[in-house]
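Counted from 1, the sequence shown has number 210 at position 210 by full-length UniProt numbering; the numbering is strictly sequential. Note that CB positions come from ideal geometry on N, CA and C, so glycine has one too. A quick write-up on the structure given underneath.
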Amino acid sequence: MVQSIDPNSHQKLPYHFYQGTNTKTPILVIYHGWAGSTTGYYDLAEELQELGYTVVLPDMVHHDSRGTIENYFDISTRQRMFWGTVFQTIDEFDILIADLKVNKKDVLVIGSSMGGFIASSIFAKNTEVQGLVNVNGSGTFVITDDFFRKTDGRGELSGKERAVLETYDPIRYAYSGKPVLLMHGDSDQTIDISGQYAYYAYCSSPDVTFDIYNEVNHQFTEDMVDGLKFWLSENFS
């Protein structure tokens, strides 16, 4: 069952909550992409709930109940607001944990596209978190921002911009050794796969699985969902 937040409650952040039956498995906090919505993950949350997992879908700033953007695909809007949305959502993780009244060690973070950026940084900055799943995102912010800039025809990062990115960049933090699943389409035209390769190389651990899906663009496919379920069952059952 999904639980949406009563606006009159004392909760600080809105989220959708699916109570699972298996209290031994981690709570799955799932972050969606830049042009996405929590509504696009209701089916996945219900599927995971049926497997016993408790699932949380946070409403992110500039999305859903927290205000929307007229056109997420407008290039200038993305350039101005993408990283700010990523950073604020990362910063809000402690508030979400407090609202949920759980410990970080009981949580596993999952993200798709922009959500993969967010989940990777949360995982890097909070070593208690049980694990990470990054789907079509990036765990190397400076490298991926360079891809964005080349695609958009913009100049290089300023020193100040680089310093801010590095504050959140997952590869600026020691890898915790917890299980990680990276999934990416080999034909992704939105988020270049190089960011995943770089993060995989940085972790350099048998506990990090990197699955590449042939002839897949920027999509979270059914095969990826099946891969996620299998990985969870192998590592957290």
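| Check | Outcome |
| --- | --- |
| To the nearest angstrom, how far is it from the Cα of H62 to the Cα of L44? | 22 Å |
| Name, in chain order, the residues that DSSP records as bridge partners for I212. | H184 |
| Measuring CB to CB, does H218 end up less than 7 Å from D169? | no |
| If you draw a straight line from the alpha carbon of F220 to that of V135, how long is it in whole angstroms? | 7 Å |
| Thinking C-alpha only, which one of L48, V208, M81, E234 is nearest A35? | M81 |
| Based on the DSSP secondary-structure assignment, which residues constitute the bridge partners of N134? | G111, L182 |
| By Cβ distance below 6 Å, which residues in the same chain neighbour D186 in space, the five residues on each side in sequence not counted? | I212, N214 |
| Rounded to whole angstroms, what is the Cα-Cα separation between F87 and F230? | 30 Å |
| Buried or exposed, going by whether 16 or more other CB atoms sit within 10 Å of the CB of S121? | buried |
| At what residue ranges does the UniProt domain "AB hydrolase-1" (26–147) contain a whole run of the beta strand (DSSP E), taking only runs of 3 or more? | 27–31, 55–58, 107–112, 131–135 |
| Which residue or residues does DSSP assign as beta-bridge partners of H218? | DSSP output for H218 lists no bridge partner at all. |
| So, under 8 Å CB-CB, L132 and F141 are touching, yes? Tell me the CB distance rounded to an integer number of Å. | Actually they are not in contact, since the Cβ atoms of L132 and F141 sit about 15 Å apart, beyond 8 Å. |
| Go ahead and label I95 buried or exposed: buried means 16 or more other beta carbons lie within 10 angstroms of its beta carbon, across all protein chains shown. | exposed |
| Nearest to G33 by CA position, among F17, T85, L13, is which residue? | T85 |
| Strictly by DSSP, which residues pair up with K15? | Position check: residue 15 holds Tyr in this sequence, whereas Lys was assumed. Answer by DSSP bridge pairing, in chain order: P58. |
| For D170, does the three-state DSSP call read helix, strand or coil? | This sequence places Pro at residue 170; Asp is not what is there. Here P170 sits in helix by DSSP. |
| Starting from Y199, trace the alpha helix (DSSP H) both ways and give me its first and last residue. | 194–203 |
| Does DSSP put E156 in a helix, a strand or coil? | coil |
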